[in-house]
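Residue numbers (this note's numbering), protein chains in the order written: chain E, 23 to 334; chain F, 23 to 334.
Take a look at the structure set out below.
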């Protein structure tokens with residue numbers, strides 16, 4: 023699992039930060055999932071080493087333009103240049119109508135199956151490897167945060183050991199791989215766990231934006247390996263954060279602390295904190311780290327490999 | 023009058039060319055008018071020396087995404103960061119609904135007056151300095167080309183000469199400036215033309231995209247100082263151009279020739295002709311110049327000062 027930040031500015035793009043998008047690369051399945059899709063997301067994909075053809079799922083937090091206005095262009099390009107196979111889009115009520123209206127007005131003919139899902143709090147996607155859940159945040163329009171959970175995987179199966187002990191190949195191997203007790207044709211009972219390396223614990227990544235400090239962000243972020251949380255404002259502008267239902271860096275840190283996450287990466291910074299202005303980005307980092315030391319600030323095209331929690 | 027090309031690619035952006043937008047700078051009135059507004063136009067404005075606050079009119083040729091998907095984001099940013107005073111948007115039927123639906127879905131609250139005008143062939147804007155007309159082109163959806171005509175201006179008025187000849191200041195100066203015959207209070211009849219330098223002939227700029235070769239493009243472009251015309255395809259792909267109702271470079275040149283324009287600048291190039299591919303951009307330039315030698319190819323951020331036709 024690798025995170026690629028494609029847009030880390032709030033509201034408007036700047037010369038160095040685009041509006042919101044985070045890519046989650048899943049190399050094991052050759053897929054990339056996007057979270058939000060601000061205008062220019064397809065341009066950021068072009069400027070990264072991500073591939074349009076691998077984009078399979080897009081999760082939209084809310085219907086503000088700086089999180090949404092890149093969606094139609096990206097979907098069109100995935101058809102024209104990206105050789106998309108199937109794309110699923112998830113988001114709050116209104117997103118289906120938005121995609122339908124815009125497709126109709128601009129006569130986009132998608133060359134691949136596209137489906138749009140309206141989410142509500144709970145599990146919105148699940149397969150053998152992943153579960154995606156969402157929770158409603160506290161913003162001035164309906165907004166969802168997303169949590170991606172990788173499922174635990176059995177440890178490495180030692181095939182050579184199984185052969186050496188005379189286990190016949192076939193369906194028994196699957197049971198041993200899952201660590202089950204197995205009775206062999208010759209009557210021996212063997213424990214699959216003795217053929218398996220340590221279990222690989224699944225990782226958990228949470229994306230919370232746009233929101234002010236709220237309990238549901240904490241619940242969604244519980245015990246995450248990585249929390250990506252908005253930090254639009256510095257503490258000096260806390261009142262602005264409250265009025266606009268956004269977060270200060272301190273609020274983001276308090277969510278990370280309360281949820282006992284391993285790492286916080288802040289994003290969605292107001293352009294007012296550009297280097298050279300009265301408050302510079304480093305100030306937000308200091309304010310967050312005073313509360314939650316394991317904090318970093320995202321920048322466009324920053325990549326982060328989510329580490330496994332324990333491999334022992 | 024200065025042209026700034028902000029997007030010169032067809033359909034999808036590339037690393038070096040964004041999707042369609044052309045800016046027309048009018049320094050004499052501190053305004054910039056945009057023609058088309060593909061996704062990422064606001065990013066291109068940020069990367070140029072244009073100012074959001076000077077954008078007052080936006081003309082949309084047709085409702086395909088590569089000419090339109092930057093409009094809502096640009097309008098939002100003009101409100102948030104651009105200190106816009108008033109913006110008028112012009113385009114084909116459906117554009118008003120597009121802006122209304124998107125504004126409503128994404129809850130944009132414009133902080134400035136915004137009006138959207140549905141155009142039809144003819145004059146769509148006129149004031150003392152400019153006239154803008156449009157004509158329907160030949161594309162698979164309703165598409166308009168735009169013609170901007172600067173009105174002729176009286177030549178420089180020689181105030182010192184008027185004072186030396188004892189013309190009293192006041193309303194008479196205005197008449198003299200317009201080259202009229204004026205009777206002075208002392209009975210003398212003087213000819214305003216003798217106080218004025220040569221008339222400045224207004225310039226004419228025409229923007230035609232997307233379209234295949236058609237008579238109405240020729241009529242709209244008649245006698246223009248600058249014709250900006252799409253040239254999506256090379257001659258080898260003429261069949262593709264006809265099928266998709268786009269133009270080859272040769273078609274663009276034939277329009278410029280028939281309309282007796284002074285200069286043709288081609289834009290809207292298919293990404294298939296990137297340098298290093300079997301057909302390179304220079305091939306399109308050669309094909310056009312074989313028919314109309316005064317042809318150039320646009321590239322992103324290229325600027326062009328439209329010269330006065332005659333100042334003598």
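In this text, a Cβ means the ideal position worked out from N, Cα and C, and glycines have one as well.
Consult DSSP for residue 333 of chain F and reduce its assignment to one of helix, strand or coil. Legend: pLDDT at residue 333 of chain F = 48, less than 50; position of this residue unreliable, value from coordinates given subsequently. Assignment of residue 333 of chain F by DSSP, reduced to helix, strand and coil, places it in the coil class.
Of all the CB atoms in chain F, is at least one closer than 9 Å to the CB of residue 72 of chain E? Cβ-Cβ to chain F under 9 Å: no for residue 72 of chain E.
Return the CA-CA distance between residue 107 of chain F and residue 96 of chain F, expressed in angstroms with no decimal places. Going by C-alpha positions, residue 107 of chain F is about 14 Å away from residue 96 of chain F.
Quick one: which chain E residues come within Cβ less than 7 Å of residue 80 of chain F? In chain order: nothing, as chain E lies at least about 16 Å away.
By the criterion of Cβ-Cβ separation under 8 Å, what are the contact partners of residue 86 of chain F in chain E? What residue 86 of chain F touches in chain E, judged by beta-carbon distance under 8 Å, is 128, 129, going in chain order.
With a 10 Å radius around its C-beta and 16 neighbouring C-beta atoms as the bar for buried, classify residue 245 of chain E as buried or exposed. Within 10 angstroms of the beta-carbon of residue 245 of chain E lie fewer than 16 other beta-carbons, which makes it exposed.
Chain F within 9 Å of residue 68 of chain E, Cβ atoms only: So, interface residue.
Amino acids of chain E, ordered along the chain, whose beta-carbon sits closer than 8 Å to that of residue 163 of chain F: Those within 8 Å of residue 163 of chain F in chain E are 129.
Identify, in the order they occur along the chain, each residue of the same chain with its Cβ nearer than 8 Å to the Cβ of residue 174 of chain E, setting aside the five sequence neighbours on each side. Same-chain partners within the cutoff: 221, 222, 223, 224.
Residues in the stretch 111-125 of chain E with C-beta within 9 Å of chain F's C-beta atoms, listed in sequence order? Those residues of the stretch 111-125 of chain E that come within reach of chain F (Cβ to Cβ, closer than 9 Å) are 116, 117, 119, 120, 123, 124.
Taking Cβ-Cβ distances shorter than 8 Å, what residues in chain F pair up with residue 2 of chain E? Residue coverage of chain E in this structure runs from 23 to 334, which leaves residue 2 of chain E outside it and unanswerable.
Helix, strand or coil, according to DSSP, for residue 99 of chain E in the structure here? The answer is helix: DSSP assigns residue 99 of chain E an H, G or I state.
Residue-level contact to chain F via CB, residue 106 of chain E, 9 Å cutoff: Chain F, which has no Cβ nearer than 9 Å to the Cβ of residue 106 of chain E, makes this no.
Could you give the C-beta distance for residue 81 of chain F and residue 168 of chain F, rounded to a whole number, given that I count them as a contact under 8 Å? Sure, about 5 Å apart at Cβ, within 8 Å.
In whole angstroms, what separates the C-alpha of residue 273 of chain E from that of residue 48 of chain E? The C-alpha of residue 273 of chain E lies about 30 Å from the C-alpha of residue 48 of chain E.
Per-residue burial, residue 88 of chain E [other beta carbons within 10 Å of its own, 16 or more giving buried]: A residue is called buried once 16 or more other Cβ atoms fall within 10 Å of its Cβ, and residue 88 of chain E is buried on that count.
With DSSP run on the structure shown, which of helix, strand or coil describes residue 205 of chain F? The DSSP-derived three-state label of residue 205 of chain F is strand.
Name the two residues that bound the continuous beta strand (DSSP E) containing residue 41 of chain E. Bounds of any beta strand (DSSP E) do not take in residue 41 of chain E, whose DSSP letter is neither H nor E.
Residue 67 of chain E lies in the alpha helix (DSSP H); which residues open and close that run? That run of the alpha helix (DSSP H) goes 63-69.
Give, in chain order, every unbroken run of the beta strand (DSSP E) that is at least 3 residues long and sits entirely within the stretch 99-134 of chain E. Entirely contained in the stretch 99-134 of chain E, the beta strand (DSSP E) runs reaching 3 residues are, in chain order, 109-113.
Report the rounded CA-to-CA distance for residue 268 of chain F versus residue 251 of chain F, giving the unit in angstroms. If I take the Cα positions, the gap works out to 11 Å.
Taking a cut of 7 Å between CB atoms, which residues from the stretch 53-64 of chain E lie near chain F? Taking 7 Å as the Cβ-Cβ cut-off, the stretch 53-64 of chain E approaches chain F at 61, 62, 64, given in chain order.
At a CB-CB cut-off below 7 Å, which residues of chain F make contact with residue 33 of chain E? The contacting residues are 102.
Endpoints, the beta strand (DSSP E) within which residue 248 of chain F is located: Residues 248-252.
Would you list the one or two residues that DSSP bridges to residue 25 of chain F? As a beta-bridge residue in DSSP terms, residue 25 of chain F pairs with F:46, F:326.
Compare the beta carbon distance of residue 136 of chain E and residue 111 of chain E with 9 Å and say whether it is the shorter of the two. Contact annotation: residue 136 of chain E and residue 111 of chain E have beta-carbon atoms nearer than 9 Å.
Tell me residue 139 of chain E's beta-bridge partners as DSSP assigns them. Per DSSP, E:112.
What residue range does the alpha helix (DSSP H) around residue 272 of chain E cover? 271-281 is the extent of the alpha helix (DSSP H) around residue 272 of chain E.
Residues of chain E with a CB under 7 Å from the CB of residue 132 of chain F: which are they? The premise fails here: residue 132 of chain F is roughly 12 Å from chain E at the closest Cβ pair, so nothing lies under 7 Å.
Using only CA atoms, which one of E:235, E:124, E:228, E:253 lies nearest to residue 283 of chain E? Ranking E:235, E:124, E:228, E:253 by Cα distance to residue 283 of chain E puts E:228 first.
Using a C-beta to C-beta distance shorter than 7 Å, which residues of chain F count as neighbours of residue 99 of chain E? Chain F residues near residue 99 of chain E: 34.
How do the stretch 60-69 of chain E and the stretch 34-42 of chain F stand: do at least 3 beta-carbon pairs fall below 8 Å, yes or no? Because the criterion of three Cβ pairs below 8 Å is met, the stretch 60-69 of chain E and the stretch 34-42 of chain F touch.
Local Cβ density within 10 Å of residue 210 of chain E, reported as buried at 16 or more and exposed below that: Looking at its Cβ environment, which holds fewer than 16 other Cβ atoms inside 10 Å, residue 210 of chain E is exposed.
How would you call residue 334 of chain E, buried or exposed, if buried means at least 16 neighbouring beta carbons within 10 angstroms? Only weak support exists for where residue 334 of chain E lies, its pLDDT of 38 falling under 50; the coordinates are left without a value.
Flag residue 20 of chain F as yes if its beta-carbon sits less than 9 Å from any beta-carbon of chain E, otherwise no. Here chain F comprises residues numbered 23 to 334, so residue 20 of chain F is not present and cannot be evaluated.
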